[in-house]
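If you're matching positions, the sequence shown starts at 13 in this note's numbering and goes up one per residue.
Ideal placement from N, C-alpha and C gives every residue a C-beta, glycine not left out.
Take a look at the structure below.
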Amino acid sequence: MAIILVTGGAGFIGSHACLRLLETGNEIISLDSYVNSSKNVFKAINKICELKGINHELIKIYECDILDKKSVEDIFQNSINNNKEIQGVIHFAGLKSVKESEANPHKYWEVNFGGTLNLLKVMKNFNCRKLVFSSSATIYGETNKFPIAEDSQIKPINPYGKTKAAVEQLLLDIYNSEPNKWSITNLRYFNPVGSHHSGLIGEDPKGVPNNLFPIICKVANGEIEKLEIYGCDWPTIDGTGIRDYIHIEDLVEGHKKALELMFSEKKTSYRCINLGCGHGVSVLEMVKTFEKANNCRIKKVFEPRREGDVAKTYADISLAKKILGWKPKRSLYDVCKDGWKWAKTNPNGY
Ligand code: NAD
Ligand code: UD1
């Protein structure tokens, strides 16, 4: 049991992490500006907690921009004043659209890099030195070696990926500056998808989604007429792109394990760990599984390849298994069933 600050706690991954940490007896402080999320997510979290008999009063919510250092300091100070000193941080807050990062790189560097720098300064001032950071598989360069292990070359090709790689580098420097004080884990996510099995919380992207799974859901509910499949001529099993889709509940379990490890070990640590399901799934396989799980038809059409895409990527998850004692438990079928449960009942999000 610990008191954890979750930045970006209202977002897709952050909200599922808050719930999981509450379920396992932790106290949560959420910091979010709601630039890409809604406060209403906390009503849904409360509802799940009530259904499960979990004390949802153990979550405190702050509307705060991570770029506003004074407000971040106030959150740390308040927690001390309330005798609830923040003991660790999971840092989800950030911007995540590749396309937008290409059009607006300074915004991405400011929020993703500048925001993290602010957070780290405040953490140091308040002597809080346990951090889990949301990194991304997008930092890996193109490779022919699969599955992709953590020692694969880091060579991001877009500004979003570059901010993530730079934050990892910053975190290594911070760790090395006081190696006996900081414990830092960079979790490199592959493709987080699906929703909580209750269907009460899920992914609620603002604007038009770019990612495959939310688009399939929008085709299923008739909001988008058909799925445009970007390429039928990739060198893959069926010509469509292959990715590593990980159920959101498995993903947040990885965060819980990473925190538990930091709190239980005597030594400090700096680690980079992949979180994925560990195997590749093609676009057509995803569509077929979704149709089967939800007894529906997804209209589709083949289009040219999308710029910036690769044929395939999937994770080597042996390090997560070994170090965190974690492994994904949910199938692609579960992803499709749970993800659609949320999307079907919440077509307009929260
Ligand atoms: P999300 O957009 O749903 O969540 C991010 C949250 O951060 C949002 O609630 C947003 O309002 C908040 N936020 C953004 N800027 C902020 C700021 N300046 N101050 C305070 N809060 C701010 O995204 P997500 O999918 O939950 O992703 C969480 C993290 O994981 C991000 O850092 C993202 O880059 C990383 N990640 C996501 C994926 C993915 O596919 N979802 C993959 C790899 C890495
Ligand atoms: C994209 C980002 C990546 C980011 C990740 C998670 C790009 C080029 N890459 O990755 O940096 O880390 O999201 O947010 O944007 N597809 C279709 N039709 C669609 C949408 C997707 O066929 O309408 C295909 C893609 O070509 C790909 C697969 O589905 O083969 C998955 O796409 P997506 O969900 O966008 O994830 P990534 O490509 O892995």
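Margin query: Nearest by alpha-carbon distance to Pro204: which of Asp216, Ile260, Lys157 is it?
Written below: Ile260
Next item on the list: Could you tell me which of Lys111, Leu183, Lys51 sits nearest to Asn223, measuring between CA atoms?
Entry: Lys111
Notebook entry, point to check: Residues in its own chain within less than 7 Å of Asn175 by CB, not counting five upstream and five downstream?
Noted result: For the sequence presented, residue 175 should be read as Thr rather than Asn. The residues are Tyr120, Trp121, Asn124, Phe125.
Notebook entry, point to check: Quick one: is His267 buried, meaning 16 or more other Cβ sit within 10 Å of its Cβ, or exposed?
Noted result: buried
Item checked: Ile166 to Ile71 span [Cα, whole Å] -> 36 Å
Note to self: Tell me whether Ile227, by its Cβ, gets closer than 7 Å to a heavy atom of ligand 2.
What the structure shows: yes
Next item on the list: Return the residue from the list Ile169, Asn358, Glu315, Arg283 that minimises the CA-CA distance to Lys334.
Entry: Arg283
Note to self: Considering only DSSP beta bridges, list what Thr197 is partnered with.
What the structure shows: Val144, Arg283
Item checked: Own chain partners of Met13 with C-beta closer than 7 Å, once the 5 adjacent residues on each side are dropped -> Gly37, Asn38
Notebook entry, point to check: Closest to Asn358 by CA distance: which of Ser109, Glu277, Lys218, Gly211 is it?
Noted result: Gly211
Next item on the list: Over the uninterrupted alpha helix (DSSP H) stretch that includes Lys119, give me the two end residues.
Entry: 117-120
Notebook entry, point to check: With 16 as the cutoff for other CB atoms within 10 Å, does Leu63 come out buried or exposed?
Noted result: exposed
Note to self: Assuming Tyr326 is part of the alpha helix (DSSP H), what are its boundary residues?
What the structure shows: That residue, Tyr326, is in no alpha helix (DSSP H); it is neither H nor E in DSSP.
Check: According to the Cβ coordinates, are Ile249 and Glu315 closer than 8 Å?
Finding: no
Next item on the list: Compare the Cα-Cα distances from Cys135 to each of Gln99, Asp163, Leu296 and report the closest residue.
Entry: Before going further, note that residue 135 is Met rather than Cys in the sequence given. Comparing Cα-Cα distances from Met135 to each of Gln99, Asp163, Leu296, the minimum goes to Gln99.
Check: ligand 2 heavy atoms versus the CB of Thr128: any closer than 7 Å?
Finding: no
Item checked: Thr280 CB to nearest heavy atom of ligand 2 below 7 Å -> no
Note to self: Is Thr195 close to ligand 1? I mean its beta-carbon at under 7 Å from any heavy atom of the ligand.
What the structure shows: Residue identity check: residue 195 is Ser in the sequence provided, not Thr. No, ligand 1 has no heavy atom inside 7 Å of this Cβ.
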